[in-house]
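Visitor:
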């Protein structure tokens, strides 16, 4: 129970930034005296710091503000992309303090050397973090594939050519908890946690496009994972059942209209450049009013709007957010998406017809990495006992 | 806390049927002594009865079995259908003890006299229930339309022609809680609660067809309601975006292929008979190998399979259940549904490709009424204080 209350104090500060003891007490429903005892323990353990209101110097007076520490435990986030490995260290306040990246091509790669590379990148990150007084209390890895629910195993990552890869034995996870999830889910969580002013826990569909198209469905603040962990496969929702052949073997999936390769082909662009990054060129051409580019994006938007109409009819979300590489194309993509949604979904609430709002993500392509790091931080805040007694030894302990 | 523990004793018996005191204690994690005190209070209040194991006659000995009472409080369920009003009284054990129905045509009806008719039917049900020693502790109404989340207001019921109808002032709800929900949601809950041997809380998509096609999405044992309460509109998921015009104004919705009118038209049948019941004739023709009937059902099954492929890709449910009037057509409907799902969804779990199972509902068209009544019973079991001190006065108190 005490551990639980310590965790609630930490989470209230993670959500709000800075609070007085009285404000913490109000938020978590404990007495001021009980909160003071908890706060003292966390201050002694170095998990909190205190900021005076500027009038007097005494620690613990009513007006002083508590903050999470920006030294000590932190969360490590990692992203395995088709063309990059990226890692970052996020302190308890949610600030990214160190970031490292290796550019490389991972299509059809052997997972063992790739994960050895990622492990060495994490060692380098631990060294950088250590120089800042930070040590990793958790690691979360965003991957471009399906992860079996409750495991660290990539069941299938078609764009890497990986299947049934268990990350746990190949990554430095002995000293702290390891989480692995689909990049679309972490991207959606970054969107959720990045909006502290939101009115209650959100319910939204977050579209995450790189090479393929995925989505995460967030219901009342939690990602809907599905029976096997495979929910959110928006890219394979049928748009036109007799349409073009998809890499999955079906016909007319959304990816055959709005996936990166389909978009570039329709715009008359070739497939050079880094996969997942080539829509930048397409956005430039749209800005220059290139007719083929505009037509390609319009057609992709229509297909995306048809697939999202199905999702909105089934899920009735508060909103739809377009993230990943498609977020760059929103000036041209959103009008046809909105037109299809207006035609194909009927939402009558409180006596008036409402439309489900569709917006581009403000977080951009860093979403999955930030969501993973934040997930590691939040997981660490759940277990304050581990943070008050940090493990000795190195990263691979 | 005591109310909460009384409620947990009642729910454990509602879920399991009959249990000894020791079994109840094991299920809810309290001591045998604490459970005995709770059970004594519930026995005194008439909410439980006791059944000896046949060896000795003393009350309260270890081997005796506890059961919920089959007298006293009960749940009232009601269904407003396009061609009927039906009500039933379900005792705490989940047995329907009384049932009344009026056949009438409600397309384009005025809601005020219809709800007056329903109120008089509920008065008659209360009289029948009273003769059995039962009194209503809650009422739940299944309606063929959208209900705004957390209200008793039908936002839109296109097949009745109703919009913005608040049931609360028009039904006898002064003496007990009133719940109103979409018939598809109650049908799904009947499916969920009707399977006590299921392995944990279910996650499934329940298709509910009458005249239109709806669905309920159950995630970890709870109906996913959506931001406004309008989730599950499977009938308006696009199947072929340029397809036939739907009553909703869009083109190619699932209802234009698999709704009752579309099915009968494709089979060359006219639209006589009771709406929502006319698929019986179609099933007879399929049994007789009528080619037009078989072709119509096959085409509907293909369209249903395409729409469900989208739902399965998005939601990754454990299973899909076909209920309502389409359940009668499953011998001919399921093969094309399964073929489309096998083509258009890719689920790889634990190293092997799995298919999401699709089955017909075993509950049949009574699902919404049974789910509503069970919902009223479960709501009553949440508030044992009300059941231990039943209200005096009549139904309209």
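Residue numbers (UniProt numbering), protein chains in the order written: chain A, 1 to 397; chain L, 1 to 397.
The beta carbon of each residue, even a glycine, is placed where N, CA and C say it ideally should be.
If you're wondering where the values come from, they're calculated on a predicted model, not measured in any experiment.
(1) Please list the segments of the beta strand (DSSP E) lying wholly inside the segment 295-354 of chain L, counting only runs of 3 or more residues, in order along the chain.
(2) Determine, using beta carbons only, whether residue 77 of chain L and residue 376 of chain L come nearer to each other than 7 Å.
(3) In whole angstroms, give me the CA-to-CA distance for residue 169 of chain L and residue 366 of chain L.
(4) Considering only residues of the same chain and omitting the five flanking positions on each side of residue 80 of chain L, which have a CB-CB separation below 6 Å?
(5) With 7 Å set as the bound, which would you pick, yes or no: does the beta-carbon of residue 343 of chain A sit closer than that to a beta-carbon of chain L?
(6) Which residue marks the beginning of the alpha helix (DSSP H) containing residue 286 of chain L, and which one marks its end?
(7) With H, G and I counted as helix, E and B as strand and the rest as coil, what does DSSP make of residue 157 of chain L?
(8) Going by beta-carbon coordinates alone, are residue 314 of chain L and residue 292 of chain A separated by less than 7 Å?
(9) List the residues of chain A whose Cβ lies closer than 8 Å to the Cβ of residue 401 of chain L, in chain order.
(10) What residue ranges within the segment 127-197 of chain A form continuous alpha helix (DSSP H) runs of no fewer than 4 residues, ordered along the chain?
(11) For residue 83 of chain A, name the three-state secondary structure that DSSP assigns.
(12) With DSSP run on the structure shown, which of helix, strand or coil describes residue 228 of chain L?
(13) Taking a Cβ distance cut-off of 9 Å, strictly less, list which residues of the segment 214-233 of chain A are near chain L, in chain order.
(14) Please report how far the alpha carbon of residue 87 of chain L lies from the alpha carbon of residue 132 of chain L, in whole angstroms.
(15) With a threshold of 8 Å, are at least 3 pairs of Cβ atoms found where one atom belongs to the segment 112-128 of chain L and the other to the segment 143-152 of chain L?
(16) Please classify residue 155 of chain L: is it buried, with 16 or more other beta-carbons within 10 angstroms of its beta-carbon, or exposed?
(17) For residue 25 of chain A, collect the residues of the same chain with a Cβ closer than 7 Å to its Cβ; drop the 5 residues on either side in sequence, then sort them by chain order.
(18) Below 7 Å between beta carbons: does that hold for residue 182 of chain A and residue 223 of chain A?
(19) Counting along the chain, where does the beta strand (DSSP E) carrying residue 215 of chain L start and finish?
(20) Please tell me whether residue 257 of chain L and residue 300 of chain L are closer than 7 Å, where the distance is taken between their beta carbons.
(21) What does a CB cutoff of less than 6 Å around residue 244 of chain L pick up in its chain, not counting 5 residues either side in sequence?
(22) What's the C-alpha gap between residue 194 of chain A and residue 319 of chain A?
(23) I want to know whether the segment 61-76 of chain A touches the segment 99-107 of chain A - three or more CB-CB distances under 8 Å.
(24) For residue 237 of chain L, return the contacting residues in chain A, with the cut-off set at a CB-CB distance below 8 Å.
(25) With H, G and I counted as helix, E and B as strand and the rest as coil, what does DSSP make of residue 52 of chain A?
(26) Contact criterion: CB-CB distance below 7 Å. Does residue 248 of chain L meet it with respect to chain A?
(27) By the three-class DSSP mapping on this structure, what secondary structure does residue 41 of chain A have?
(28) Cα separation between residue 163 of chain A and residue 41 of chain L?
(29) Under the three-state reduction of DSSP, which class applies to residue 8 of chain L: helix, strand or coil?
(30) Tell me the DSSP secondary structure of residue 106 of chain A in three-state form.
(31) Spatial neighbours of residue 20 of chain L within its chain, please: C-beta separation below 8 Å, excluding the five flanking residues on both sides.
(32) Going along chain L in order, which residues have a C-beta closer than 7 Å to the C-beta of residue 299 of chain A?
(33) Starting from the beta carbon of residue 317 of chain A, find every residue of chain L whose beta carbon is closer than 9 Å, and list them in chain order.
(34) Using a Cβ-Cβ cutoff of less than 7 Å, which residues in the same chain neighbour residue 307 of chain A once the five nearest sequence positions on both sides are dropped?
(35) Residues of chain A with CB under 8 Å from residue 111 of chain L, in chain order?
(36) Could you tell me whether any Cβ in chain L is nearer than 7 Å to the Cβ of residue 335 of chain A?
Guide: From the atom records:
(1) Runs of beta strand (DSSP E) with 3 or more residues, each lying fully within the segment 295-354 of chain L, are found at 319-324, 347-349, 352-354, listed in chain order.
(2) With contacts defined as CB atoms closer than 7 Å, residue 77 of chain L and residue 376 of chain L qualify as a contacting pair.
(3) When rounded, the distance between both Cα atoms is 26 Å.
(4) Closer than 6 Å at the Cβ level, and outside the excluded window around residue 80 of chain L, lie 143.
(5) The Cβ of residue 343 of chain A sits closer than 7 Å to at least one Cβ of chain L.
(6) Its alpha helix (DSSP H) spans residues 279-287.
(7) The three-state secondary structure of residue 157 of chain L, taken from DSSP, is strand.
(8) The Cβ atoms of residue 314 of chain L and residue 292 of chain A lie no closer than 7 Å to each other.
(9) Look at the range of chain L in this structure, 1 to 397, and you will see that residue 401 of chain L is not part of it.
(10) The segment 127-197 of chain A contains these whole alpha helix (DSSP H) runs: 183-193.
(11) In this structure, residue 83 of chain A counts as coil in the three-state DSSP scheme.
(12) In the structure shown, residue 228 of chain L sits in coil (DSSP, three-state: anything other than H, G, I, E or B).
(13) Of all residues in the segment 214-233 of chain A, 215, 217, 219, 224, 225, 226, 227, 228, 229, 230, 231, 232, 233 have a Cβ within less than 9 Å of some Cβ in chain L.
(14) Cα-Cα distance, rounded: 16 Å.
(15) Not touching, per the Cβ criterion.
(16) Classified as buried, residue 155 of chain L has 16 or more neighbouring CB atoms from the shown chains inside 10 Å of its CB.
(17) Correct list, in chain order: 31, 32, 35.
(18) Not a contact, by the Cβ cut-off of 7 Å.
(19) It spans 213-219 - the beta strand (DSSP E) in which residue 215 of chain L sits, taken as one unbroken run.
(20) Taking 7 Å as the Cβ cut-off, residue 257 of chain L and residue 300 of chain L qualify as a contacting pair.
(21) Contacts found: 256.
(22) Linking residue 194 of chain A to residue 319 of chain A through their CA atoms gives a straight-line distance of about 15 Å.
(23) The segment 61-76 of chain A and the segment 99-107 of chain A do not touch, with fewer than 3 CB-CB distances between them shorter than 8 Å.
(24) Within chain A, the residues near residue 237 of chain L are 309, 310, 313, 314.
(25) It is coil, neither helix nor strand.
(26) It does; some Cβ of chain A falls within 7 Å.
(27) Here residue 41 of chain A sits in helix by DSSP.
(28) Rounded to whole angstroms, residue 163 of chain A and residue 41 of chain L show a C-alpha spacing of 58 Å.
(29) Residue 8 of chain L falls in the helix class under three-state DSSP.
(30) Coil at residue 106 of chain A, not helix or strand.
(31) The residues are 62, 63, 64, 65, 66.
(32) Neighbours of residue 299 of chain A on chain L: none; closest Cβ ~12 Å, over 7 Å.
(33) Near residue 317 of chain A (Cβ distances below 9 Å), the residues of chain L are 226, 227, 231.
(34) Counting only Cβ-Cβ distances below 7 Å, and skipping sequence neighbours, we find 234, 237, 239, 254.
(35) Ordered by position in chain A, no residue passes the 8 Å Cβ test against residue 111 of chain L, which lies about 15 Å from the chain.
(36) No, because no Cβ of chain L sits closer than 7 Å to the Cβ of residue 335 of chain A.
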